[in-house]
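For the sequence shown, the working numbering assigns the number 207 to the initial residue and increments by one for each residue that follows.
The beta carbon of each residue, even a glycine, is placed where N, CA and C say it ideally should be.
Here the structure is laid out as structure tokens; the discussion comes afterwards.
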Amino acid sequence: MIHDALGGARTVVNVGAGAGSYEPPDADVTAVDPSQVMLDQHPGPHKVQAGAEYLPFENGSFDAAMAILTVHHWSDLHQGLRELRRVARRQVVLTLDPGHTRELWLVSEYLPEIRDLDHARFMSVAEVAESIQAHTVLSFPVPHDFTDGFLAAFWRRPEQYLDPVVRQASSSLAVLPAEVIKPAMDRLREDLSSGDWEQRHAELLAEDAIDYGYRLLIAGEDLPIRRSQS
207 MIHDALGGAR
217 TVVNVGAGAG
227 SYEPPDADVT
237 AVDPSQVMLD
247 QHPGPHKVQA
257 GAEYLPFENG
267 SFDAAMAILT
277 VHHWSDLHQG
287 LRELRRVARR
297 QVVLTLDPGH
307 TRELWLVSEY
317 LPEIRDLDHA
327 RFMSVAEVAE
337 SIQAHTVLSF
347 PVPHDFTDGF
357 LAAFWRRPEQ
367 YLDPVVRQAS
377 SSLAVLPAEV
387 IKPAMDRLRE
397 DLSSGDWEQR
407 HAELLAEDAI
417 DYGYRLLIAG
427 EDLPIRRSQS
């Protein structure tokens, strides 16, 4: 979906790039992240340490800008989105709608503290769309075998949340104190052992993907379709 949304861009700036997930393999990508620790994990040759709010590039430097599950970390969302529009002709943003009605069971049953955290960090999709002047908003149902480890990735694999390494990969889980996490994980472990979790959520085991409110926003210009050189 992200690659399609990028519209065949030849040059892409990935803002909040982290280790480079979701980047198109056939484009010239410049990774931007404020964390040198994250940039050191990025495999690409073009890396710039900077925040989204002040991108060190000239106007229109790139065909497209992408920002994937990062806007909730920015200190000034609107300024960051203006920067995406300034440096690229097309913008692609993946974010979470905090007001989405279907809530992940991990939040509703074990860690309601995440609800308050996400409502404080995530701006509504409508507001993000208005700020970036998005012309397209797409739902992203999370597959049951999704390889990214963000919060909702393990909705059908509950035992994964018991792994502290998995929890560290999700910012929502990583920031919660041990005195909140430990009793919640103890209850989850007990419910899995007793079969209570499976009994409550038997219908999930038949689902291939579920919409938990992740949205892909597309703004800016259509790009010329790249043709193979043959």
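{"query": "Beta-carbon proximity check, arginine 362 vs glutamate 413, cutoff 9 Å", "result": "yes"}
{"query": "Span of the alpha helix (DSSP H) around aspartate 322", "result": "319-327"}
{"query": "Proximity of alanine 211 and leucine 344 at Cβ, strictly below 9 Å", "result": "yes"}
{"query": "The alpha helix (DSSP H) enclosing alanine 337, as first and last residue numbers", "result": "Before going further, note that residue 337 is serine rather than alanine in the sequence given. Looking at the DSSP string, the run of the alpha helix (DSSP H) that includes serine 337 is 331-338."}
{"query": "Residue environment, glutamine 297, which counts as buried when at least 16 other CB atoms sit within 10 Å", "result": "buried"}
{"query": "Test item: CB-CB of valine 219 and valine 277 under 9 Å", "result": "no"}
{"query": "Residue nearest to threonine 301 in terms of C-alpha spacing, selected from Pro231, Ile338, Phe360 and Gly426", "result": "Ile338"}
{"query": "Limits of the unbroken beta strand (DSSP E) element including aspartate 234", "result": "234-239"}
{"query": "Contact belief for aspartate 437 with glutamate 259 at Cβ below 8 Å, rounded distance in angstroms", "result": "Nothing can be reported for residue 437: it is not among the residues displayed for the chain, which extend from 207 to 436."}
{"query": "Distance between beta carbons of proline 249 and alanine 256, contact taken as under 8 Å", "result": "So it is not a contact: roughly 19 Å between Cβ atoms."}
{"query": "Beta-carbon proximity list for arginine 321, same chain, < 7 Å, skipping 5 on both sides", "result": "Val313"}
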